[in-house]
Amino acid sequence: MNTRVNIKNGDELSILGFGCMRFPTKGGSGNIDEPRSIAMIRDSIEKGVNYFDTAYIYHNGKSESLLGKALLGGYRERVKIATKLPPFMVHKLENAKKIMETQLKRLQTDYIDYYLLHMLTDKPMFDRLVNMGVLEWLEELKADGVIKNIGFSFHGAKMDFEQIVQAYPWDFCQIQYNYLDENNQATKSGLLLATKLGIPVIVMEPLRGGKLVTHLPKQVYDAFASYEQERSPVEWALRWIWNHPEVNVVLSGMSDEAQIQDNIDIACRSTSNSLTPQELEVFEKVKAIMMEKTKVPCTACGYCMPCPAGVDIPGCFSCYNDKYLIGGKGLRLRMKYMQTLGALSVKPANASRCVGCGKCESHCPQNIEIRRQLKTVSKEMEGIIYRPLVGIARKFLKIK
Ligand code: SF4
Ligand code: SF4
Numbered sequence: 009m010n011t012r013v014n015i016k017n018g019d020e021l022s023i024l025g026f027g028c029m030r031f032p033t034k035g036g037s038g039n040i041d042e043p044r045s046i047a048m049i050r051d052s053i054e055k056g057v058n059y060f061d062t063a064y065i066y067h068n069g070k071s072e073s074l075l076g077k078a079l080l081g082g083y084r085e086r087v088k089i090a091t092k093l094p095p096f097m098v099h100k101l102e103n104a105k106k107i108m109e110t111q112l113k114r115l116q117t118d119y120i121d122y123y124l125l126h127m128l129t130d131k132p133m134f135d136r137l138v139n140m141g142v143l144e145w146l147e148e149l150k151a152d153g154v155i156k157n158i159g160f161s162f163h164g165a166k167m168d169f170e171q172i173v174q175a176y177p178w179d180f181c182q183i184q185y186n187y188l189d190e191n192n193q194a195t196k197s198g199l200l201l202a203t204k205l206g207i208p209v210i211v212m213e214p215l216r217g218g219k220l221v222t223h224l225p226k227q228v229y230d231a232f233a234s235y236e237q238e239r240s241p242v243e244w245a246l247r248w249i250w251n252h253p254e255v256n257v258v259l260s261g262m263s264d265e266a267q268i269q270d271n272i273d274i275a276c277r278s279t280s281n282s283l284t285p286q287e288l289e290v291f292e293k294v295k296a297i298m299m300e301k302t303k304v305p306c307t308a309c310g311y312c313m314p315c316p317a318g319v320d321i322p323g324c325f326s327c328y329n330d331k332y333l334i335g336g337k338g339l340r341l342r343m344k345y346m347q348t349l350g351a352l353s354v355k356p357a358n359a360s361r362c363v364g365c366g367k368c369e370s371h372c373p374q375n376i377e378i379r380r381q382l383k384t385v386s387k388e389m390e391g392i393i394y395r396p397l398v399g400i401a402r403k404f405l406k407i408k
């Protein structure tokens, strides 16, 4: 297994991290197949994986407990555990303290190596936690050795990432990054900014939840197949990320033994700055195909931002483009849209918030009719039930 050294604390981390949100379940019941998952975790450790990423909410709270069980018997000391605090469940500091207590119990450990504020989407969301004293409390836990590193995971727009990453001397951060998201969410410039600030970067969603494996346009498979050496879409996608020396660990939510072996094999033959001009050419072809299938030619440059009504213009177009580029439907698509546009954050940024002032359009180098396109996004991605649904959810979760 190849490793990379954490630039902040010297930890030698396996470049492949185990994402603990997709363990195998028993016969569609949703319950984790424990013996099998435990065997998978231990097998991956024997093969060199030493970074395990879970969260309070994964598998309805069962992921942390499963990981805790799997690491008994001497495995705990061989790995780093990352887990996360769900901001939407924290209304006062006491909530966070209770969650931490539960997490340590579930994980059967007295320290957490990497602790993240889960899924930050915008700066006000971060500020809300700061105002509750969450960071000071985490710093106390760090001084006491209960957590070793303080970080955050991010799903939002580039500008929000830039604000959050510069707002605190983070020990690490976690972003969504893959060849389709080079200009989406934190983007490549976010990755480079974090590195410039000396903040190690963990990458999640390297395969976009499997969509870069099974939901690509046929021409993309053909472009990969045109390369002299046969290589699976998974390998293409992972190699592209590991080619970036700025990436410390890539998390893969592995759900069966074959995937683990395949990911480990790829990790063993992937290094940074190793893609040849021919291989990079294949990616150029792939990106051109993707662009051709793109509904709105937004490059996520951000020149149209900020929008006075708070719309995340590139974020809206990115979700909309994904609908046609890689498919997905119904609830899942809507959930993705809600998450990306901060439906449950303190600063929602969805398309229907556009008030049509037109300030954005003159700044767009792609000459996109932003107002007209946002209306289409709103119609197709939100429909009439979005606002009432989100309103109920926000009321239930007491989000102002
Ligand atoms: S037209 Fe809409 S998206 Fe553009 S700046 Fe005005 S409110 Fe924002
Ligand atoms: S200025 Fe145009 S291309 Fe750039 S992010 Fe805004 S809509 Fe997209």
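Residue numbers (my numbering): 9 to 408.
Ideal placement from N, C-alpha and C gives every residue a C-beta, glycine not left out.
- [ ] Return the residue from the list 165, 101, 265 that minimises the CA-CA distance to residue 139.
- [x] Start at 1 with the first residue of the sequence shown, and residue 139 comes out as number 131. Here the closest residue by C-alpha is 101.
Task: Residue nearest to residue 14 in terms of C-alpha spacing, selected from 270, 202, 299, 241 - done: As a position in the sequence shown, residue 14 is number 6, starting the count at 1. Measuring from the Cα of residue 14, the nearest candidate turns out to be 202.
Open item on the list: By the three-class DSSP mapping on this structure, what secondary structure does residue 272 have?
Closed with: Looking up residue 272 in the sequence shown gives position 264. Helix.
Task: Alpha-carbon to alpha-carbon, residue 389 and residue 382 - done: Here residue 382 corresponds to residue number 374 of the sequence shown, with the count starting at 1. Here residue 389 corresponds to residue number 381 of the sequence shown, with the count starting at 1. One C-alpha to the other measures close to 10 Å.
Task: Sequence-distant residues of its chain with Cβ nearer than 8 Å to residue 290 (five each side left out) - done: Within the sequence shown, the letter at position 282 stands for residue 290. Sequence-distant partners of residue 290 (beyond 5 residues in either direction) whose C-beta falls short of 8 Å from its own C-beta, in its chain, are 231, 232, 234, 235, 244.
- [ ] Using three-state DSSP, classify residue 107 as helix, strand or coil.
- [x] To locate residue 107, count along the sequence shown from 1; it is residue 99. Here residue 107 sits in helix by DSSP.
Open item on the list: I need the DSSP call for residue 473, collapsed to helix, strand or coil.
Closed with: There is no way to answer for residue 473, as the model of the chain reaches only from 9 to 408.
Open item on the list: Using the Cβ count rule (16 or more neighbours within 10 Å means buried), how would you classify residue 371?
Closed with: Within the sequence shown, numbered from 1, the residue matching residue 371 stands at position 363. Residue 371 comes out exposed.
Task: Same chain, Cβ closer than 8 Å to residue 111, neighbours up to 5 away in sequence not counted - done: Start at 1 with the first residue of the sequence shown, and residue 111 comes out as number 103. Closer than 8 Å at Cβ, skipping near neighbours: 64, 72, 91, 120.
Task: Among 361, 135, 19, nearest to residue 157 - alpha-carbon criterion - done: Position 149 of the sequence shown holds residue 157. Closest option to residue 157, Cα to Cα, is 19.
Open item on the list: Give me the DSSP bridge partner(s) of residue 297.
Closed with: Here the question's residue 297 lines up with position 289 in the sequence shown. Paired residues: none, contrary to the question.
- [ ] Please go through the same chain and pick out, in chain order, the residues whose beta-carbon is closer than 7 Å to the beta-carbon of residue 368, but skip the five residues on each side of it.
- [x] By one-based count along the sequence shown, residue 368 stands at place 360. So the qualifying residues of the chain are 312, 315, 321, 378.
TODO: Give the range of the beta strand (DSSP E) segment to which residue 123 is assigned.
DONE: The residue labelled residue 123 in the question sits at position 115 within the sequence shown. Run containing residue 123: 120-128, per the beta strand (DSSP E) assignment.
Open item on the list: Can you tell me where the beta strand (DSSP E) holding residue 20 begins and where it ends?
Closed with: Your numbering for residue 20 matches position 12 in the sequence shown. Residue 20 -> beta strand (DSSP E) spans 20-22.
Task: Through-space distance from residue 266 to residue 386, alpha-carbon basis - done: Here residue 386 refers to the residue found at position 378 of the sequence shown. Here residue 266 refers to the residue found at position 258 of the sequence shown. When rounded, the distance between both Cα atoms is 40 Å.
- [ ] Tell me, please, which residues DSSP counts as bridged to residue 157.
- [x] Within the sequence shown, numbered from 1, the residue matching residue 157 stands at position 149. 122, per the DSSP bridge assignment.
Task: Option nearest residue 104 by Cα separation, candidates 116, 397, 145 - done: Here residue 104 corresponds to residue number 96 of the sequence shown, with the count starting at 1. The residue from 116, 397, 145 with its alpha-carbon nearest to that of residue 104 is 145.
Open item on the list: Looking at the secondary structure, which residues open and close the alpha helix (DSSP H) in which residue 149 lies?
Closed with: Counting from 1 along the sequence shown, the entry for residue 149 is found at position 141. Taken as a continuous stretch (DSSP letters only), the alpha helix (DSSP H) holding residue 149 covers 142-151.
TODO: Per DSSP, which residues does residue 86 bridge with? Please list them.
DONE: By 1-based counting over the sequence shown, the position of residue 86 is 78. None; residue 86 has no bridge partner.
Task: Secondary structure of residue 203, DSSP reduced to three states - done: Position 195 of the sequence shown, counted from the first residue, corresponds to residue 203. Residue 203: helix per DSSP, three-state reduction.
- [ ] Check whether the segment 350-357 touches the segment 127-138, counting contact only when three or more Cβ pairs, one atom from each stretch, lie closer than 8 Å.
- [x] yes
Open item on the list: Any heavy atom of ligand 1 inside 6 Å of the beta-carbon of residue 319?
Closed with: As a first step, residue 319 is located in the sequence shown; it is residue number 311 there, counting from the start. For residue 319, the shortest separation between its Cβ and any heavy atom of ligand 1 lies below 6 Å.
- [ ] Determine which residues share a DSSP beta bridge with residue 13 and list them.
- [x] Your numbering for residue 13 matches position 5 in the sequence shown. 20.
TODO: Output the distance between the C-alpha atoms of residue 275 and residue 394, rounded to the nearest integer angstrom.
DONE: Here residue 275 corresponds to residue number 267 of the sequence shown, with the count starting at 1. Here residue 394 corresponds to residue number 386 of the sequence shown, with the count starting at 1. One C-alpha to the other measures close to 41 Å.
Task: residue 315 Cβ short of 6 Å to ligand 1 heavy atom set - done: Here residue 315 refers to the residue found at position 307 when the sequence shown is read from its first residue. The answer is yes for residue 315.
Open item on the list: For residue 189, count the other beta carbons within 10 Å of its own beta carbon; 16 or more makes it buried, fewer makes it exposed. Which is it?
Closed with: Residue mapping note: residue 189 aligns to position 181 of the sequence shown, counting from 1. Buried, because 16 or more other Cβ atoms sit within 10 Å of the Cβ of residue 189.
Task: CA nearest to the CA of residue 94, picked from 23, 78, 160, 210 - done: To locate residue 94, count along the sequence shown from 1; it is residue 86. Among 23, 78, 160, 210, the Cα nearest to that of residue 94 belongs to 160.
Open item on the list: Quick check: the Cα distance between residue 69 and residue 366, rounded to an integer number of angstroms?
Closed with: On the sequence shown, position 61 is the one that residue 69 refers to. On the sequence shown, position 358 is the one that residue 366 refers to. Residue 69 and residue 366: Cα-Cα distance of roughly 45 Å.
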